[in-house]
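Report on one structure; see the data block that follows.
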Amino acid sequence: MQDRDLLFKDRRLVEVSGNFNLDLDIGVHGGIFCNGAIHWYTDSGPSLCFDVDQEQIREMPMPAMPEDW
Numbered sequence: 227m228q229d230r231d232l233l234f235k236d237r238r239l240v241e242v243s244g245n246f247n248l249d250l251d252i253g254v255h256g257g258i259f260c261n262g263a264i265h266w267y268t269d270s271g272p273s274l275c276f277d278v279d280q281e282q283i284r285e286m287p288m289p290a291m292p293e294d295w
């Protein structure tokens, strides 16, 4: 994230300041804010979720993909 990103939470404007670094070698795509967290999907493996209230990042497992997909 870049410094001074803004988002809406419970009809209030919230500033998310500072940077965080992830030591992951994966492609991360644009995030969405939903249910109090910013969610990103990745090219492979679990997606990432940043809980705004708890200021924690966690992995979100993805559903299994069919072999023929």
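The opening residue of the sequence shown carries number 227 in this note's numbering; numbering runs sequentially from there.
By construction, the Cβ of each residue, glycine as well, lies at the ideal position given by its N, Cα and C atoms.
Open item on the list: With the cut-off set at 8 Å, would you say residue 278 and residue 262 are in Cβ contact?
Closed with: yes
Open item on the list: On the DSSP letters alone, give me the boundaries of the beta strand (DSSP E) that residue 282 sits inside.
Closed with: 282-286
- [ ] Give me the Cβ distance between residue 291 and residue 272, rounded to the nearest whole Å; I'm assuming they're in contact under 8 Å.
- [x] Rounded, the Cβ-Cβ distance is 13 Å, inconsistent with contact.
Open item on the list: Can you tell me where the beta strand (DSSP E) holding residue 277 begins and where it ends?
Closed with: 273-277
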